[in-house]
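Protein chains in written order, with our numbering: chain A, 1 to 255; chain B, 256 to 510; chain C, 511 to 765; chain D, 766 to 1020; chain E, 1021 to 1275; chain F, 1276 to 1530; chain G, 1531 to 1785; chain H, 1786 to 2040. Okay, so here's the structure we're looking at.
8 protein chains.
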Amino acid sequence: MDPARLRKLLTDVRRGRVTTRAALEAIAHLPFQSIGPATVDHHRGIRQALPEVILCQGKTKAQCVTIARAIVGKSGRLLATRASAEQALALTEAFGRDATWNEAARTVVVGKSRRRITGRVLVVSAGTSDLPVAEEAAVTLEFMGVPVKRVYDAGVAGIHRILRHVPALRRASAIVVVAGMEGALASVVGGITGRPVIAVPTSVGYGASFGGLAALLAMLNSCAAGVTVVNIDNGFGAGYAAGVIALRSRRGSGS
Amino acid sequence: MDPARLRKLLTDVRRGRVTTRAALEAIAHLPFQSIGPATVDHHRGIRQALPEVILCQGKTKAQCVTIARAIVGKSGRLLATRASAEQALALTEAFGRDATWNEAARTVVVGKSRRRITGRVLVVSAGTSDLPVAEEAAVTLEFMGVPVKRVYDAGVAGIHRILRHVPALRRASAIVVVAGMEGALASVVGGITGRPVIAVPTSVGYGASFGGLAALLAMLNSCAAGVTVVNIDNGFGAGYAAGVIALRSRRGSGS
Amino acid sequence: MDPARLRKLLTDVRRGRVTTRAALEAIAHLPFQSIGPATVDHHRGIRQALPEVILCQGKTKAQCVTIARAIVGKSGRLLATRASAEQALALTEAFGRDATWNEAARTVVVGKSRRRITGRVLVVSAGTSDLPVAEEAAVTLEFMGVPVKRVYDAGVAGIHRILRHVPALRRASAIVVVAGMEGALASVVGGITGRPVIAVPTSVGYGASFGGLAALLAMLNSCAAGVTVVNIDNGFGAGYAAGVIALRSRRGSGS
Amino acid sequence: MDPARLRKLLTDVRRGRVTTRAALEAIAHLPFQSIGPATVDHHRGIRQALPEVILCQGKTKAQCVTIARAIVGKSGRLLATRASAEQALALTEAFGRDATWNEAARTVVVGKSRRRITGRVLVVSAGTSDLPVAEEAAVTLEFMGVPVKRVYDAGVAGIHRILRHVPALRRASAIVVVAGMEGALASVVGGITGRPVIAVPTSVGYGASFGGLAALLAMLNSCAAGVTVVNIDNGFGAGYAAGVIALRSRRGSGS
Amino acid sequence: MDPARLRKLLTDVRRGRVTTRAALEAIAHLPFQSIGPATVDHHRGIRQALPEVILCQGKTKAQCVTIARAIVGKSGRLLATRASAEQALALTEAFGRDATWNEAARTVVVGKSRRRITGRVLVVSAGTSDLPVAEEAAVTLEFMGVPVKRVYDAGVAGIHRILRHVPALRRASAIVVVAGMEGALASVVGGITGRPVIAVPTSVGYGASFGGLAALLAMLNSCAAGVTVVNIDNGFGAGYAAGVIALRSRRGSGS
Amino acid sequence: MDPARLRKLLTDVRRGRVTTRAALEAIAHLPFQSIGPATVDHHRGIRQALPEVILCQGKTKAQCVTIARAIVGKSGRLLATRASAEQALALTEAFGRDATWNEAARTVVVGKSRRRITGRVLVVSAGTSDLPVAEEAAVTLEFMGVPVKRVYDAGVAGIHRILRHVPALRRASAIVVVAGMEGALASVVGGITGRPVIAVPTSVGYGASFGGLAALLAMLNSCAAGVTVVNIDNGFGAGYAAGVIALRSRRGSGS
Amino acid sequence: MDPARLRKLLTDVRRGRVTTRAALEAIAHLPFQSIGPATVDHHRGIRQALPEVILCQGKTKAQCVTIARAIVGKSGRLLATRASAEQALALTEAFGRDATWNEAARTVVVGKSRRRITGRVLVVSAGTSDLPVAEEAAVTLEFMGVPVKRVYDAGVAGIHRILRHVPALRRASAIVVVAGMEGALASVVGGITGRPVIAVPTSVGYGASFGGLAALLAMLNSCAAGVTVVNIDNGFGAGYAAGVIALRSRRGSGS
Amino acid sequence: MDPARLRKLLTDVRRGRVTTRAALEAIAHLPFQSIGPATVDHHRGIRQALPEVILCQGKTKAQCVTIARAIVGKSGRLLATRASAEQALALTEAFGRDATWNEAARTVVVGKSRRRITGRVLVVSAGTSDLPVAEEAAVTLEFMGVPVKRVYDAGVAGIHRILRHVPALRRASAIVVVAGMEGALASVVGGITGRPVIAVPTSVGYGASFGGLAALLAMLNSCAAGVTVVNIDNGFGAGYAAGVIALRSRRGSGS
């Protein structure tokens, strides 16, 4: 129940247009129902930097299109993640020129990004196989209107590749580090920069990588303070978390 | 905010004793604050079949006594679980004759159990080492006022021991099965009775029991429908869950 | 050996129609054989609230139909779970109009549910991907004659969605909570209601969900007393356990 | 180097027909080469109760047939395990009437079993899904010439089913128990009989069965002494181990 | 209910000394009650090759002595395993000269072993740290009256040490192999002998031995057919299983 | 080597004030050594919001004091974490009134916090046992000069407790959520706020909490976007990561 | 930047042939970029014993060919690993007679191996299923110019098979041991030889081999000093590590 | 049986001083017994670069001293690892000035190291807590006569610390990398050098380090070829493996 409606109700009570009993009834349902409009939806409104996102995985093409239409109808924009080629085709057919399919990221974006002047986020990845997850993070950030700089194929086995980017790493609002196998890149980056580092382990690898578990554990055990971790392959989550930081971070000289 | 207070507020608005603005302010804090009195506390009131319980583990003797006094002062009764000998001594000193220490169960109970005429719960355990967990469940049930029948040392390696109790197993409101090592007892009991079976794996054992993991997995994989599982060594949780079932179950002939 | 046959045997002994030796022989085989008719079958008779269920998974279409015919021939009713589209088609062809296929639940039901006036069970699920498991629980309950209320898509990331249902959660005979990913919903529900909560972790998710392990562990560690857990994806088991509780629970005002 | 050849060499040395140097050379290679003929092959000769077995899994049809011909050419008999339908067809085509395909056990046997009068082995299984593993054990035993009694579908959730077979369980030379899910059957059987019990966990199940891990751990933790365990799904290994016991066990009255 | 009592009951019925109804009542309780005397106890009688054993671990000194007196009073013999020095002292004080403490094995034996002429069992261990478990197996076998040959410190890192015992390995009724760390010894022994091999992983080691898990998995995956496995550190279980095999095995020339 | 110094060196070379050889020598050490002064130390300078921290765990009292003196001598401030009572005593003795021991947090702080006007961080914890980890995070933040609001004992089993703090959760620069057992609190908080949430699983609990693994997995699988995770019990890491975000976040109205 | 070039630059500055500004510019990029030429690239040059390798797994045919052409164009040689039949066909079509496909090893080699006179490496494997991994190691070594001796099908269940190769094992520069299942072969080989042993666990097996975990743990726990381990199925890594040792090892008589 | 003795035996046979039968007998025991003297001991002789080592862990002080005296009596030298302060005291008392206790490494060395001119090994460690394991490796190498360079406290969170040692890393015969927590150091070092890298995970850390498992998995998944791994905390094994490589490696200019 929004303040305006409640104020009107109280005014009506005062003016005798609504009985006390009827008003009591109306307010009686507040405790839980009102949580929606009064707080959560408000919250949703504020979170509209990121309107509803569809996780396509596990949905039929028809379901994807239906939900997408509802979202676009309401907010004019859409981010669909983990879209298979078939799902992406269905979505691009449904939205025509407004839709952009990023095959590497497995995303479909509808509508323009409302780019704001905010902090830049670096998305760093270790190997070429980590690219889909890195791209998912990058597209999510762009969808939120956050400028993104991609630094790919910068694994620690060739340490000079990441060292080239030290100045950028120190000026970023946040850094997303995507790495499978041993996941050491997050620690190296975390040791170089004083900015928030969000690490994404990937399921790339074989044998004792155990589907990303090795990278996950390595990242959680990072010796570098300031490194936090999201679920294996969760490029969206990392991008979103970095975006939330960037959206409110002050501009400043490198550190 | 209870209905009476809200009705008075609205009446005051109508009568001009409270401004619309002040009323708006008062109601504005409802969405979350009101959840307390209107619903959750009510819920607490109803859950008073089991007044607050102290998990002594990880608390100092002084903390145990302080919290216990507060609970007893409010509700007149207390169940303290996982009490070490030192903690139990401190509690029995604090409450004198009102306190009962069950050394095997590691519990201290203050106040009389309000015994009701309800369904009986069987607590079945496999080995003598499972006894502390079984007793914790039994004491919890008794504290809730539920009659308990103990069937101890009835492991499946001597299948005749549990078969002796078939009639009781079929007439119980619920059965708590406590077993470490391979945890097979839950399946055997579940196959015999049509009543709810709550299985408690225990950390008894060595080697590949992995601190109760073997029993836990076995119980989760039970072929007998109607078996549900609680955490390793969680005698209190199993007793409480069985008690909640027993408190509302109809009396009836065996099945 | 049923009581009638045994009584007749004894009468025959008394009347001299059967020699003591022959009677001795007949009874000598009792210890194990008699367990069947005298006790277990009796037990089966009582458990007939839930006649035999087929787990279709791992069976051929022909096997499913053959077993189904045997069950329906004996009890007139059938619940087939985990039925693939092909298996479901074969079963609906075999039983015609008597059969109902629930595609979401992957179940086929033959025969009418004998609805009784008993406690209602809520089936609550967190996300749309948890739906098949939730539906399996719901269909199982309906098959047992227990009224079911479905509350779907009520994950904790939008806490207001579950809070809307507080009154229903408090009046239910039992609640089945189906949730994958972090499984937090079971704790939230368990904290709201004083009624038995049966939690079903699902294998929905990716990465560190490890096929449902994350949700399973979370549910076993629930801080809310009264929560018990079944195997990952075991909608049938949860439904059955909730049904067994509901069948014998007294009606009452909310708590 | 067999004794006869060595004796001749030494005689030749004594008689001057072979130089000391040449003899030294000949004997110099003994330490490792001689292990073959002198001991290991002898050992193989004795183990011919079970001539070479082919594990078809992971081999091409052509490889299976080639190896099979070599074995049959040498020993006249063959046991091929884990044979797919295609592999089985190729083998039965190659050996014609001499070959017997057991589809359930996924085995092809060539040649007659040399049945001996020895102790009987019981193969007990919990559910119908465990059948392939149980049959693999049974066929292996029959191939070794050991009489087998199959007791299938005797899970602990219906304890009376296994209790019917108590006398047979006590008279067997050894018992193979095949069970997935919770694996409790091994303990129940081990508690009934005083004879060696070899437990085989199966990968049947879902969720927290973790591919047979739950059953494996349960069996390793069995409270019943005398239970030993083999790898998940290893019907051949269990059958072979039981057969080795049976081949040398004395006949005797039940115990 | 033993045959004599049942025959008398039937005779009484025939003679009219007992009513049909009373007889019916008496027999009605047979299904479960009779399992005790008629079958399980009989079974116990036969299993008296190994009278009750006490697992001292987790019991007080007083409990150990009390239970021990009861066992010795009934059967004249006792095997106490996992006895701490304190428990062993208490037991040896209680039974005086009749008691023998094996400090390495952590066992106390009361009474003489009834040695029979049966097959010999080899107990092979890999390292000196595996000795307590190996000794527990050896003492258990001796208690059962089975001659034991100890082959200790024969790890695979010095393969010649085990190769020295090839003839003995081939003549044994059964072999118990005790090994921690990588557990390879079981495979090597299993490849040498055609007799049953019972492998016991030990919790010796550090790091990635994970308390015996590495050895356990290695033994379960043994390439040598005929190897079965017991729980980590379960020397008693392995000894008992080997003893059960040896007690009924025919004497014969090596193989 | 900063540009000014290098330019001067080159000018000196050109002017003949420095020999080519000496310049070569000076530059020769650049590739690696220069990383230190030019970048890493600079970086350290910037990171001086958090001067060196001592992890006392695993160090002797003497080592703690020696290292602490060095740090305080250089920066005038110190944060010692995981300090035992003995270590804390030694440090407070060494630094006298300048040192503050927070027993709950197991920290010793030397020097005043340079409080700045920046975003506030909420530290939310589920249970009283999570307090030490929550306090470690809070003290770390205060040491960085970040205002902290503590919201303790707000577990999801009593959902109304956290709902009371919705406005604060939405206005915070970042939120640290500390929870053991099932870790559901992070999801609930993440669903309420649009600000960065850093989740800390704790090793509190027993049985299937597996030392914090259950909470860790739950948090990684959180359905709420924007939640990132640190290692089990890593209150310092979470506080530092939240502080790094807060230090650069713009002030703003709630969201 | 190598010293010679830097010296020339400084001389040019001194002589006025290069402006201070231009020199500053040239050196300005040193701190990070110079790591490349000065150290890492140099390092690459030295590592050219093994020019770039392509891991085909996860790449399209077109990507494989494109990258391969780039490598061959630069170095004239190529090693492609984990090549599917399709990828191998595409590569052999692209490079014609210069390309050699090893189907078993799943490798394609382009260009001749520059064979050097260095130490020989033995590649030992346990079972036929381990062959692909063993061949991957062997081809990698041959590509590095290291002579390879293959000893296949030498599992420990037939210990005499590996004992035949004792002299070769003692003379090798290094030994690669490839084994799945229980992985015991590495310990046996490590106990025989004093040369470096690199163990490769393979994912061959089923059940409790857990995709190679059992072999991995066994190898890590090897009692034989001098055994080191690589990732499951990492034949390339083991071959490379052995090659690096062999390339610099002195020739010598056996040990 | 050494060649000299065998030649004499054959000469005696030829000369008639030994009968053919007696010679046959003497040689008959060769196959297994001869493996000892003829091969293994020879092998031991060659391995005398490292005479017997005592793992003190799990041994009494008396056992340590007794075994140590035997070893020193035979070879004049000794390396005792994992020695507690008490064990070290006992050993230094027993051997007086000849014994050197390295408290950090937990080693006692008796006798002088026979230093040879061979390749140098670098021992690199990440944190101060990894020191005991690093020292164990270093002392082992020194005992083998291999020059050691220690590079401690060079974790990747301060990447410049390890980069300082690039030249030394490239010239070493082998590098031992000791790291707990995330274990990333091994990859960074492996990417810098072309020489063999032996990685030792340590059990340092807490939470999700799971006793060294995180570091172990990270190291096994290292992207840098040429990295091999030993068991958690196995400093001795890593030192020995590096020593075996260094002992036979040619001297050469850096690479």
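Note that the Cβ used here is the ideal one computed from N, Cα and C, for glycine as well. Fair warning: this is a prediction, and the values are worked out from it, not measured in the lab.
- Less than 8 Å separates the beta-carbon of Thr1622 of chain G from that of Ala1629 of chain G.
- The stretch 967-987 of chain D and the stretch 926-933 of chain D do not touch, with fewer than three beta-carbon pairs separated by less than 8 Å.
- Bridge pairing for Ala1449 of chain F: F:Val1396 [DSSP].
- Under DSSP, Ser849 of chain D shares a beta bridge with no residue.
- Distances from the CA of Ile1265 of chain E to each of E:Thr1222, E:Leu1236, E:Asn1251 and E:Val1196 were compared; the closest alpha carbon is that of E:Val1196.
- If you check each beta-carbon in the stretch 956-981 of chain D against every beta-carbon of chain G, the ones closer than 8 Å belong to Pro966, Ser968, Gly976, Gly977, Leu978 and Leu981.
- When C-alpha distances from Phe1880 of chain H are compared across H:Val1850, H:Val1909, H:Thr1892 and H:Glu1888, the shortest belongs to H:Val1850.
- Here the C-alpha atom of Phe653 of chain C lies approximately 44 Å from the C-alpha atom of Leu1233 of chain E.
- Chain G places no beta carbon closer than 8 Å to that of Gly1430 of chain F, leaving this residue out of the contacts.
- Looking from the CA of Gly1227 of chain E, the closest CA among E:Met1201, E:Gly1211, E:Ile1252 and E:Thr1031 belongs to E:Met1201.
- In this structure, E:Asp1173 is the residue among E:Asp1173, E:Ala1158, E:Ala1108 and E:Ala1124 with its C-alpha nearest to the C-alpha of Thr1148 of chain E.
- At a Cβ-Cβ threshold of 8 Å, Ala734 of chain C and Ala1432 of chain F count as neighbours.
- Listed along the chain, the chain E residues whose CB falls inside 8 Å of the CB of Ser384 of chain B are Gly1078.
- Non-local beta-carbon contacts of Val1602 of chain G in its own chain, meaning distances under 6 Å to residues more than five positions away in sequence, involve Leu1608 and Val1640 in chain order.
- If you look at Pro642 of chain C, you'll find it in the alpha helix (DSSP H) that goes Leu641 to Phe653.
- Interface criterion not met: the Cβ of Ala615 of chain C is under 8 Å from no Cβ in chain B.
- Annotation for Ile71 of chain A: the continuous alpha helix (DSSP H) segment containing it runs Lys61 to Ser75.
- At least one beta carbon of chain A lies nearer than 8 Å to the beta carbon of Ala1500 of chain F.
- Within the model, the alpha-carbon separation for Val1408 of chain F versus Arg1780 of chain G is close to 56 Å.
- Two segments are said to touch when three or more pairs of C-beta atoms, one from each, lie closer than 8 Å; by this definition the stretch 225-233 of chain A touches the stretch 182-201 of chain A.
- Lys1538 of chain G is classed as exposed because its beta carbon has fewer than 16 other beta carbons within 10 Å across all chains shown.
- Just so you know, the alpha carbons of Val378 of chain B and Arg1445 of chain F end up roughly 47 Å apart.
- By DSSP's assignment, Leu844 of chain D forms a beta bridge with D:Val818 and D:Val874.
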